[in-house]
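**Student:** What follows is a single structure, and I will ask about it in a moment.
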């Protein structure tokens, strides 16, 4: 079985919390990640939107674009508006041969609002969840028809956060909307990561290997503290530095035959947790557990062809 290891630039620049950003260039971010061993990087705010500009930067760094976040609003928003907004991203991702676009629902979400406590996260009724899942399936099918599949990201403080919410979303949606399984977000939400993999492995197309510090999460007052407060306090980290057993998690993916990207997405204070050092810690731990699970980790970055 083959696996690829990527990173998210959120370890270097945080789009929601400016104070958790390191003043490094895109080129330096890519250099650091590649030097740690990672062959892919998800898109961040310092990436160019022109493939003719992006491709030489990726080639020089010897990395590929392994995904990127789209802020969807289909829980309330119009299908046509979301199609119009995602079309330039589809065109860009196709031009640089990215594997997928990560769909993150921001409609009704409080994930980016520091004034909203975790306990006030939006909840959908059964009928709302059914309708939402149907819209996402339709949208995912349309994106795939345009040549770029989506991968749905369940997320803290959003309409699909908890394991029961994820189960309901998956039950009412179809194969047209694959799943991004994020270990850290599911653990933060109180879910069972291994059970979720067992239940939904047939639809999982992308993986975020985000670790958590349960000591931080357990001390949160969810009636007063927000998702961004949790991030600032250090709720997330890289594999090998947190509370999750990635040996068991990666083995479970292997048991179900998952092949593809495992992406380290670990937003935290770069001054307290220097991104290069954390990248090295995460890569070392992932290589250890990947090898134990029988994966061959691809080492080629930018394609030779």
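Numbering (the working numbering), first residue to last: 2 to 306. Note that beta-carbon positions come from the ideal geometry of N, C-alpha and C, so glycine has one too.
#1: If you follow the beta strand (DSSP E) that residue 262 is in, where does it begin and where does it stop?
#2: When you compare the segment 225-234 with the segment 167-177, are there three or more beta-carbon pairs, one atom per stretch, that lie closer than 8 Å?
#3: Below 7 Å CB to CB, which residues in the same chain sit around residue 188 once its five sequence neighbours on both sides are set aside?
#4: My output table needs one value for residue 183: the three-state DSSP class, helix, strand or coil.
#5: Could you round the C-beta distance between residue 27 and residue 58 to whole angstroms and report it? I think they count as a contact, below 8 Å.
#6: Residue 41 and residue 67 - do their beta-carbons sit closer together than 8 Å?
#7: Shortest alpha-carbon distance to residue 221 belongs to which of 208, 236 and 79?
#8: Give me the residue from 130, 3, 247 and 43 with the minimum Cα distance to residue 13.
#9: Among the candidates 218, 291 and 62, whose CA atom is the shortest distance from the CA of residue 263?
#10: Contact defined as beta carbons within less than 8 Å: I believe residue 182 pairs with residue 136. What is the distance between those atoms, to the nearest angstrom?
#11: Let's test the definition: count the other Cβ atoms within 10 Å of the Cβ of residue 304 and tell me whether it reaches 16, buried, or not, exposed.
#12: Give the DSSP-derived three-state secondary structure of residue 220 in the structure shown.
#13: Is residue 31 near residue 54, with beta carbons less than 8 Å apart?
#14: Can you name, in chain order, every residue of its own chain whose Cβ lies under 8 Å from the Cβ of residue 108, other than the five neighbours on each side?
#15: When the Cα atoms are used, what is the spatial distance from residue 282 to residue 251?
#16: Does the pairing of the segment 84-102 with the segment 117-134 give three or more beta-carbon distances under 8 Å?
#17: Whose C-alpha, out of 39, 172 and 3, is nearest the C-alpha of residue 265?
#18: Given a threshold of 16 other Cβ atoms within 10 Å of its Cβ, counted over all protein chains shown, does residue 150 qualify as buried or as exposed?
#19: What residue range does the alpha helix (DSSP H) around residue 299 cover?
**Tutor:** On the basis of the data shown:
#1: 261-265
#2: no
#3: 194, 213 and 245
#4: strand
#5: 7 Å
#6: yes
#7: 236
#8: 43
#9: 291
#10: So it is not a contact: roughly 21 Å between Cβ atoms.
#11: exposed
#12: coil
#13: no
#14: 73, 74, 75, 76, 77, 78 and 160
#15: 16 Å
#16: no
#17: 39
#18: buried
#19: Note, residue 299: premise wrong, no alpha helix (DSSP H); not H, not E.
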